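Participant: After the structure tokens below, expect a handful of questions from me.
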Amino acid sequence: MKLLFDEMLRNTASWMRIFGVDSAYFHPSSDNELIELAKNDNRILITRDKELANRCKKHGVKSLHINEVNIKKQLKFIVQRLNIKLNFPGATRCPECNAKLLVVQKQLVKGLVPPDIFKERKKFWICQKCNKAYWKGSHWKSILKMHSYLVSGME
Ligand SMILES: [Zn+2]
Numbered sequence: 343m344k345l346l347f348d349e350m351l352r353n354t355a356s357w358m359r360i361f362g363v364d365s366a367y368f369h370p371s372s373d374n375e376l377i378e379l380a381k382n383d384n385r386i387l388i389t390r391d392k393e394l395a396n397r398c399k400k401h402g403v404k405s406l407h408i409n410e411v412n413i414k415k416q417l418k419f420i421v422q423r424l425n426i427k428l429n430f431p432g433a434t435r436c437p438e439c440n441a442k443l444l445v446v447q448k449q450l451v452k453g454l455v456p457p458d459i460f461k462e463r464k465k466f467w468i469c470q471k472c473n474k475a476y477w478k479g480s481h482w483k484s485i486l487k488m489h490s491y492l493v494s495g496m497e
């Protein structure tokens, strides 16, 4: 399943990428451009704009309208409504650019990460597109927490 997020949902898209969902984010010059992109790339358009969601229907593009402002609730809503199976951490994507992350040998991130991190950590990932390096840093706990919230049946 491939998603496309409107410009109000950039952080939401980043979170979905972390959980392994192909989530494009696009800053369009017009709504039409956004709809075109969703159509051509076979993506479900996620938007906070109800009118835009309705226009998608007319163009035969799948969309999901979100009322929720809170990111946590937005994610839960998307996962439930679209019945998404999260693939985490196995298929984590780069929160910056949506490309897949690769587990790499430690030597490859030398110079890409702070020296103390390089010394302390064993496991690293690199984005195959933007070359950004990742490790289990201070955000890891909140990511795990968000993940268990999303896969649990409870609100
Ligand atoms: Zn990247």
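With our numbering, letter number 114 in the sequence shown gets 456, and the count goes up by one each step, no holes.
From the three backbone atoms N, C-alpha and C, an ideal C-beta is built for every residue, glycine too.
It should be emphasised that the depicted structure is a prediction, and the values quoted were computed from it without experimental measurement.
1) If you follow the beta strand (DSSP E) that residue 347 is in, where does it begin and where does it stop?
2) Quick one: is the Cβ of residue 469 within less than 6 Å of any heavy atom of ligand 1?
3) Looking at residue 346 and residue 380, is the spacing between their C-beta atoms short of 7 Å?
4) According to DSSP, is residue 466 helix, strand or coil?
5) Whose C-beta lies closer than 8 Å to the C-beta of residue 438 among residues of the same chain, with five residues either side of it excluded?
6) Which residue or residues does DSSP assign as beta-bridge partners of residue 476?
7) Would you kindly work out how many angstroms separate the C-alpha atoms of residue 364 and residue 392, rounded to a whole number?
8) Residue 354 to residue 411, Cα distance in whole Å?
Facilitator: So, to answer that:
1) Mapped onto the sequence shown, residue 347 falls at position 5. Residues 344-347.
2) Sequence index remark: in the sequence shown, residue 469 carries index 127 (1-based). The nearest non-hydrogen atom of ligand 1 is less than 6 Å from the C-beta of residue 469.
3) Within the sequence shown, the letter at position 38 stands for residue 380. Within the sequence shown, the letter at position 4 stands for residue 346. Their beta carbons are under 7 Å apart, which means residue 380 touches residue 346 by this criterion.
4) Translated into positions along the sequence shown, residue 466 becomes position 124. The answer is strand: DSSP assigns residue 466 an E or B state.
5) On the sequence shown, residue 438 is found 96 positions in, with the first residue counted as 1. Hits under 8 Å: 356, 469, 472, 474.
6) Counting from 1 along the sequence shown, the entry for residue 476 is found at position 134. Here residue 476 is bridged, per DSSP, to 467.
7) Position 22 of the sequence shown, counted from the start, is the residue given in the question as residue 364. Position 50 of the sequence shown, counted from the start, is the residue given in the question as residue 392. Taking the straight line joining both Cα atoms gives about 23 Å.
8) Along the sequence shown, one-based indexing puts residue 354 at 12. Along the sequence shown, one-based indexing puts residue 411 at 69. Answer to the nearest angstrom: the Cα atoms are 10 Å apart.
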